[in-house]
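Peer 1: With the sequence shown counted from 1, adding 960 to any position gets you this note's numbering. Note that the Cβ used here is the ideal one computed from N, Cα and C, for glycine as well. Only a predicted model underlies this, so the values are computations on that prediction, with no experimental measurement involved. Below you will find the structure I want to go over with you.
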Amino acid sequence: MIIKNIKVIVTSPGRNFVTLKIETDQGIYGLGDATLNGRELSVVSYLEDHVIPVLIGRDAHRIQDIWASLYKGAYWRRGPVTMSAISAVDVALWDIKAKAANMPLYQLLGGASRDGVLVYGHANGANIAETVAAVGSYIDQGYKAVRAQSGIPGVKGSYGVGKGTDHYEPADSTLPEETVWSTTAYLNFIPELFETLRKTYGNEIELLHDVHHRLTPNEAGALGKALEPYRLFWMEDCTPAENQDAFRLVREKTVTPLAVGEVFNSIHDCRRLIENQWIDYIRATLVHAGGVTHLRQIASLAELYQVRTGFHGATDLSPVCMGTALNFDLWVPNFGIQEYMKHSAATDEVFPHSYTFKDGYMHPGETPGHGVDIDEELAAKYPYEPKQLPIARLTDGTLWNW
Ligand code: GCO
Ligand code: MG
């Protein structure tokens, strides 16, 4: 099956998405997500200028060889732009292979290991009362796991708090919005949030929390310890992970489960974290960490060390990524949980899909491929909008980790 034509579709139905469409000589096409939030057009250029020209005429079935030739053939390895481009190609080719086999992708990977995919939703509010109410509304919708984030008194633009009743959409200004961070205010505040949540909803609901890279390892260890009575499902991105050994320090101080990896793009970003069992959940995604081909390798390494998957699934990952992730999740032996932030109605219309949610679990559906399509005519009605992620500064003005 020969690759005949490839296009990059940029659309912004409420937020920007980059989609790669690979068409073959047999009429079968595949879609891959290439969205890198706030840096979208760099991946478009990488694909159009450097990847598409070398793929035309290649055999679409040779996924492994194409992966290797894009990775090794560039000479310059890894990095989010390169790996997002490779991921998009990889996912589109797996979509084609599964469509050609006339089966949903999860069947091609090895079949379902479970009946449904446990997902967590995002609850947030400007203060504890609002966040507690938001968690309640997720429980009412059937969720078994909920991430809770709250505004912190005196801290402008705390991470993870939406505007109005909307879920959190961080990249919403042309130039980076400036937010403020106070570790002291945060550490003083956050245990009370989880104490209140447990008092209100009991111990059965799974609760998660995202620190978003803001703490030092020592502070993260102290927070994990303070949160132990509330039995979190995980504490996410508690400290930056460029230095993987930082997690050893956190691990020594707390038994609160640790999740990390949404900004990783290769197995080399997490090898030490996994081999040393410093983490419990790996969050690397199909869209930024090399597609199905590379994530499979990461998941297999993790399985050896009892580390489970907990893939990133924020709204800046398109429905194409979500559908593929759900196929992967249904199969992967060491599955933990999947993040699920609902896309806007406009996004769902542009990307018709077969995945469904019921009672806290999702299913990718039985459509051959990953089960997500694109309505190109509709997509064309939503042109690209330049948007960047915020930055964070300490109260004295020092630039911090957003
Ligand atoms: C999450 C993430 C997101 C990121 C976003 C950046 O856990 O869902 O932290 O909210 O901030 O994906 O583009
Ligand atoms: Mg996160």
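Within 10 Å of its beta-carbon, does residue 1110 have 16 or more other beta-carbons around it, so buried, or fewer, so exposed?
Peer 2: buried
Peer 1: Considering only residues of the region 1246-1316, which uninterrupted alpha helix (DSSP H) runs meet the minimum length of 4 residues and lie entirely inside it, listed in chain order?
Peer 2: 1251-1264, 1279-1291, 1305-1310
Peer 1: What residue range is occupied by the uninterrupted alpha helix (DSSP H) comprising residue 1231?
Peer 2: 1231-1235
Peer 1: Work out the CA separation of residue 1086 and residue 1150 for me, nearest whole Å.
Peer 2: 13 Å
Peer 1: Does the beta-carbon of residue 1172, which I'm using as the reference point, lie nearer than 7 Å to any heavy atom of the ligand MG?
Peer 2: Flag set: Cβ of residue 1172 near the ligand MG.
Peer 1: Between which residues of its own chain and residue 1095 is the CB-CB distance below 7 Å, once the five residues before and five after are set aside?
Peer 2: 1083, 1106, 1108, 1157, 1161
Peer 1: Please look up how many angstroms separate the CB atoms of residue 971 and residue 1006, rounded, as I've assumed it's under 8 Å.
Peer 2: Not a contact, Cβ separation roughly 18 Å.
Peer 1: With a 10 Å radius around its C-beta and 16 neighbouring C-beta atoms as the bar for buried, classify residue 1134 as buried or exposed.
Peer 2: exposed
Peer 1: If distances are taken between C-alpha atoms only, which option among 1362, 1343, 1358 comes closest to residue 1351?
Peer 2: 1362
Peer 1: Report yes if the CB atom of residue 1253 is closer than 8 Å to the CB atom of residue 1024, and no otherwise.
Peer 2: yes
Peer 1: With 16 other CB atoms within 10 Å as the buried threshold, where does residue 1326 fall?
Peer 2: So residue 1326 ends up on the exposed side.
Peer 1: At a cut-off of 7 Å, would you count residue 1197 as near the ligand MG, judging by its Cβ distance to the nearest heavy atom?
Peer 2: yes
Peer 1: For the alpha helix (DSSP H) that residue 911 lies in, which residues bound it at each end?
Peer 2: Nothing about residue 911 can be read from this structure; the chain reaches only from 961 to 1362.
Peer 1: With residue 1099 as the anchor, note down where its alpha helix (DSSP H) starts and where it stops.
Peer 2: 1088-1100
Peer 1: Is any heavy atom of the ligand MG found at a distance shorter than 7 Å from the C-beta of residue 1222?
Peer 2: yes
Peer 1: Just to check my reading of the structure: residue 1221 and residue 1244 have Cβ atoms closer than 8 Å, yes? What is that Cβ distance to the nearest angstrom?
Peer 2: 4 Å
Peer 1: Report whether the distance from the Cβ of residue 1089 to the nearest heavy atom of the ligand GCO is below 7 Å.
Peer 2: No, the beta carbon of residue 1089 sits no closer than 7 Å to any heavy atom of the ligand GCO.
Peer 1: Would you call residue 1194 buried or exposed, if buried means 16 or more other Cβ atoms sit within 10 Å of its Cβ?
Peer 2: Buried, because 16 or more other Cβ atoms sit within 10 Å of the Cβ of residue 1194.
Peer 1: With DSSP run on the structure shown, which of helix, strand or coil describes residue 1362?
Peer 2: coil
Peer 1: Counting contacts by CB-CB distance shorter than 8 Å, is residue 1277 in contact with chain C?
Peer 2: Given the protein chain composition of this structure (a single chain), no chain C is represented.
Peer 1: Would you say the beta carbon of residue 1113 is closer than 7 Å to some non-hydrogen atom of the ligand GCO?
Peer 2: no
Peer 1: Our contact map puts residue 1294 next to residue 1262 with C-beta atoms below 8 Å; I'd like the distance itself, whole angstroms only.
Peer 2: Going by Cβ atoms, the distance from residue 1294 to residue 1262 rounds to 6 Å, so yes, they are a contact pair.
Peer 1: What span of residues does the alpha helix (DSSP H) with residue 1083 cover, start to end?
Peer 2: Careful: residue 1083 lies outside any alpha helix (DSSP H), inside the beta strand (DSSP E) at 1077-1085.
Peer 1: Quick check: the Cα distance between residue 1345 and residue 1188, rounded to an integer number of angstroms?
Peer 2: Spanning the two alpha carbons is a distance of roughly 42 Å.
Peer 1: Between the Cα of residue 1175 and those of 1141, 1154, 1192, 1191, spot the shortest distance and give me the residue it belongs to.
Peer 2: 1141
Peer 1: Among residues of its own chain, excluding the 5 on either side of residue 1181, which ones have a beta-carbon nearer than 6 Å to its beta-carbon?
Peer 2: The answer, listed in chain order, is 1210, 1213, 1214.
Peer 1: Are residue 1328 and residue 1059 closer than 8 Å when you measure CB to CB?
Peer 2: Result yes, Cβ atoms of residue 1328 and residue 1059 sit closer than 8 Å.
Peer 1: Where do the ends of the beta strand (DSSP E) carrying residue 1321 lie?
Peer 2: 1321-1323
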